[in-house]
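In what follows, a structure is listed as structure tokens, so that the remarks can point back to it.
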Amino acid sequence: MMQPINFKSAPSVLVFEINSRNIKVSKTLKFEQEGETVVLDVRGLIYHGDFHFTSHIIGTDGMVWYHDGMTTGSSCENEGDFDKFSSRKLLRCKGKKLTLVVYARV
Numbered sequence: 028m029m030q031p032i033n034f035k036s037a038p039s040v041l042v043f044e045i046n047s048r049n050i051k052v053s054k055t056l057k058f059e060q061e062g063e064t065v066v067l068d069v070r071g072l073i074y075h076g077d078f079h080f081t082s083h084i085i086g087t088d089g090m091v092w093y094h095d096g097m098t099t100g101s102s103c104e105n106e107g108d109f110d111k112f113s114s115r116k117l118l119r120c121k122g123k124k125l126t127l128v129v130y131a132r133v
């Protein structure tokens, strides 16, 4: 389903709650602003399961970093190149379901 949303100016950050498994996550969002295209890329994915949150953080270099404070502590684990993650693969992470997608300007 597509639903148009209007902004006076393109936001720097947008966060979407995911409450469906029947969804395709777009890796980029594009806005037209004063004749120019503003692009927001996925920069974070928050997962939930078993009363616990984990995350994927996407660096500006396109590398995906996994964080789970219970298992990785204050460190992150490299999970590879974001381009190799399918929309379907983004919906789950180590048994947890995607709950939030964070988009930000590059």
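According to my numbering, the residues represented by the sequence shown are 28 to 133, in order. Even glycine gets a Cβ: it sits at the ideal position worked out from N, Cα and C. Nothing here was measured: the structure is a model prediction, and the numbers come from that model.
Cα-Cα separation, residue i to residue j
{"i": "residue 117", "j": "residue 58", "result": "23 Å"}
{"i": "residue 111", "j": "residue 62", "result": "32 Å"}
{"i": "residue 78", "j": "residue 72", "result": "17 Å"}
{"i": "residue 46", "j": "residue 95", "result": "21 Å"}
{"i": "residue 39", "j": "residue 70", "result": "12 Å"}
{"i": "residue 131", "j": "residue 42", "result": "9 Å"}
{"i": "residue 52", "j": "residue 101", "result": "28 Å"}
{"i": "residue 31", "j": "residue 121", "result": "33 Å"}
{"i": "residue 50", "j": "residue 119", "result": "12 Å"}
Close-in-space but distant-in-sequence residues of the same chain around residue i (CB under 8 Å, 5 per side omitted)
{"i": "residue 92", "result": "83, 84, 85, 86, 103, 104, 105, 106"}
{"i": "residue 97", "result": "79"}
{"i": "residue 60", "result": "36, 37"}
Closest Cα partner of residue i within the set the options
{"i": "residue 126", "options": "65, 44, 36, 48", "result": "44"}
{"i": "residue 55", "options": "49, 114, 30", "result": "114"}
{"i": "residue 108", "options": "29, 50, 88", "result": "88"}
Chain-order list of residues whose beta-carbon lies under 7 Å from that of residue i (same chain, five-residue window excluded)
{"i": "residue 123", "result": "74, 75, 76, 81"}
Residues of its chain near residue i, where Cβ-Cβ distance is below 6 Å and the 5 sequence neighbours each way are ignored
{"i": "residue 133", "result": "68"}
{"i": "residue 64", "result": "57"}
{"i": "residue 99", "result": "none"}
{"i": "residue 6", "result": "Residue 6 lies beyond the range of the chain shown here (28 to 133); nothing can be said about it."}
Outcome for residue i when other beta-carbon atoms lying within 10 angstroms are tallied against a minimum of 16
{"i": "residue 129", "result": "buried"}
{"i": "residue 34", "result": "exposed"}
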